[in-house]
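K.L.:
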Amino acid sequence: MNADHSRTKKTGRMSPTDNELMEAVRDGRVEKLAVLFERYQTMLYNFFLRLTGNRAASEDLVQEVFVRVLKYRAGYLGDSRFNVWLFQIARNAHIDHLRKQKPALSLDEQFAEAPSHEPRPEAAYENDREAELVRRALDRLPVQKREILVLFRFQNLKLREIAELMGVQVGTVKAQVHRALKDLSRIYLELQGGDVS
Amino acid sequence: MTCEKTQEKFADYLTGDLDETGRGEVRKHILDCAACREDLEDLTVVWAKLGVLPEEQPGSAVRSRFYAMLEDYKAVQPSRPKSQWTDWFTFRRPAFAASFSAALLLLGIGAGWLMTGGGQGGPRYASLSREVQDMRQQVALSLLSKPSASDRIQGVSYSTEVKNPSDTTLAALFKAVDSDPNPNVRLAAVDALYLFRDRPGVHESLVKSLSVQSYPLVQVALIDFLVEVRETRAVEALKKLIEAGELTPEVKKRAEQGLKQITL
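In order, the protein sequence lines correspond to chains A and E.
Going by this note's numbering, the first sequence opens with residue 1, and the numbers climb by one from there.
Going by this note's numbering, the second sequence opens with residue 198, and the numbers climb by one from there.
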């Protein structure tokens, strides 16, 4: 699903790249946002779904991202990859979502919490115990670790792109991915052994 | 290599982004280090397990809400806001940077031309320019007839660089809009034709195309085009489309809005 939508002008006078489309949106051709929406809606939805575990909230968040893209379109410089810019907006939308949900808790406390799980429609996973275990293990990771794993494993962002997104060094991201995977492995094994319900 | 240095490479090792030298270093280290070997085995297992999570599709309401939001936004914005003239004087805009470089280059060429007693070569320059235009046109036509969709999109792109395309080139673009099997080519051809919207036959061709398109993005692009040029001949075609009841809710809504906009 995560095709590289950012072919440069040099390599392809093909379908417009994400950057070309976003520059058009910035310059007033807002209808071009429809193409970016079609390219990214599923990716963003799954990003939010894996962070929140809540389908309705994830759909709202996808909408919120595109509202913000229009709101901040004038600030798009086009000198970094579009997907990094888009996921910066997505991360901020998610943080604001957490703030609204738990106003009494500090952001750090919210980040430490597991997602509030709606009764998950079982259809997608119920016949797949392994997928269910992995999902539960992922949900038990603190949000920061889950977020970095989701970006790296499912959104196919490169380490340097995640570093740019989070404003940290690449080495820091490598260490965080390593720790998150180790924690996930431990939680998965615990769940598999039935030690944690 | 130390355990710390080795573990730094694990993330790239898992995604396959580590080069052969790096992979060799990791393999060499884990041969002698049981802890790192076990660590990497665990990570590899959990990495693979994450792959079993299926990707889900958002509900159709997401698309409806997005298109409604976009329409609302467009309704309150001027259709093509003119940029401030001062915006052009900033190097943040690649277009300005490129134009500025091109202007400097032209200035240099012009100066050299005048200094060498130029001024006689006007017709020759015009002839050269025509040749370049003809060449682009031929390349565009050739690419538009290729079996590969990416070639055909490239052909569409070439056609946009032709200042005054021939009727043959326009006909190739009409054909691409109507019958290219790839929707991205059709979409690119609609965009290209916007540049030639003042040429006779363009509006009529795109009005006709409305009745043969079934891909929502192309339908929306056609509707946007016809609304933008206020093509009243599209009214009947839009009404028929809406009545036929085969449009997605988003396209139907866009067609209804377009109908209102054209007849305003």
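For every residue, glycine included, the Cβ atom is placed at its ideal position computed from N, Cα and C.
Here the structure is a predicted model, which is why all the values come from computation and not from measurement.
1) Assign aspartate 388/E to one of three DSSP states: helix, strand, or coil.
2) Using a Cβ-Cβ distance cut-off of 8 Å, determine whether glutamine 144/A contacts chain E.
3) Roughly how many whole angstroms lie between the Cα atoms of leucine 204/A and threonine 17/A?
4) So, helix, strand or coil for arginine 136/A, using DSSP?
5) Can you find a CB in chain E that lies within less than 8 Å of the CB of glycine 193/A?
6) At least one CB of chain A closer than 8 Å to the CB of valine 329/E: is that the case?
7) DSSP three-state label for glutamine 254/E, please.
8) Name the chain D residues that come within less than 9 Å of glycine 53/A, Cβ to Cβ?
9) Under 9 Å Cβ-Cβ, which residues of chain A neighbour proline 255/E?
10) Any beta-carbon of chain E closer than 8 Å to the one on leucine 36/A?
11) Counting only beta-carbon atoms, is glycine 316/E nearer than 8 Å to chain A?
12) Which residues in the same chain have their Cβ closer than 6 Å to the Cβ of glutamine 416/E, if we skip the five residues on either side of it in sequence?
13) How big is the Cα-Cα spacing for serine 369/E and isoleucine 439/E?
14) Could you check the C-alpha separation between cysteine 233/E and leucine 149/A for me, to the nearest Å?
15) Would you check if there are 3 or more beta carbon pairs closer than 8 Å linking the stretch 146 to 160 of chain A to the stretch 168 to 178 of chain A?
16) If distances are taken between C-alpha atoms only, which option among Ser185/A, Gln101/A, Tyr72/A, Asp60/A comes closest to glutamine 41/A?
17) Verify the CB distance criterion: does lysine 450/E have a CB-CB separation below 8 Å to chain A?
18) Could you name the residues of chain E that valine 177/A contacts, counting a contact when the two beta carbons are closer than 7 Å?
19) Provide the residue span of the alpha helix (DSSP H) that contains methionine 198/E, from first to last.
20) So what does DSSP say about arginine 234/E, is it helix, strand or coil?
21) Below 8 Å between beta carbons: does that hold for methionine 266/E and glutamine 192/A?
22) Based on Cα-Cα distance, which residue from Lys360/E, Phe371/E, Asn379/E lies nearest to serine 345/E?
23) Tell me, please, whether the CB atom of valine 134/A is closer than 8 Å to any CB atom in chain E?
24) Spatial neighbours of cysteine 230/E within its chain, please: CB distance less than 8 Å, with the 5 preceding and 5 following residues excluded, ordered by chain position.
25) Are the CB atoms of alanine 90/A and phenylalanine 47/A nearer to each other than 8 Å?
26) Which class does tyrosine 355/E belong to by DSSP, given the choice of helix, strand or coil?
27) Can you tell me whether valine 35/A is buried or exposed? The criterion is at least 16 other CB atoms within 10 Å of its CB, across all chains shown.
28) Within its chain, find whatever has a CB closer than 6 Å to the CB of leucine 21/A; leave out the 5 residues flanking it on each side and keep chain order.
29) Can you look up leucine 77/A in the DSSP assignment and give me helix, strand or coil?
30) Beta carbons nearer than 9 Å to chain A: which residues of the stretch 239 to 266 of chain E have them?
31) Is the Cβ-Cβ distance between valine 382/E and leucine 403/E less than 8 Å?
P.N.:
So, to answer that:
1) helix
2) no
3) Past the boundaries of the shown model lies residue 204/A; chain A is included only from 1 to 197, so the question cannot be answered.
4) helix
5) no
6) no
7) coil
8) In summary, chain D is missing from the structure at hand, where the protein chains are A and E.
9) Gln41, Thr42, Leu44, Tyr45, Asn46, Leu49, Arg55, Ser58, Glu59, Val62
10) no
11) Residue confidence for glycine 316/E is low, a pLDDT of 44 falling below 50, so the modelled location carries little weight; the figure read from the coordinates is stated next. Chain A contact via Cβ: absent.
12) Gln410, Val448
13) With the sequence shown as reference, residue 369/E is identified as alanine, and serine is not the correct amino acid for it. If you take the alpha carbons of alanine 369/E and isoleucine 439/E, they lie about 28 Å apart.
14) 20 Å
15) yes
16) Asp60/A
17) no
18) Ala208
19) From DSSP, methionine 198/E is part of no alpha helix (DSSP H); its letter is neither H nor E.
20) helix
21) no
22) Asn379/E
23) yes
24) Cys200, Thr203
25) yes
26) helix
27) buried
28) Lys32, Val35, Leu36
29) coil
30) Asp239, Leu240, Val242, Val243, Trp244, Lys246, Leu247, Gly248, Val249, Leu250, Pro251, Glu252, Glu253, Gln254, Pro255, Gly256, Ala258, Val259, Arg260, Arg262, Phe263, Tyr264, Met266
31) no
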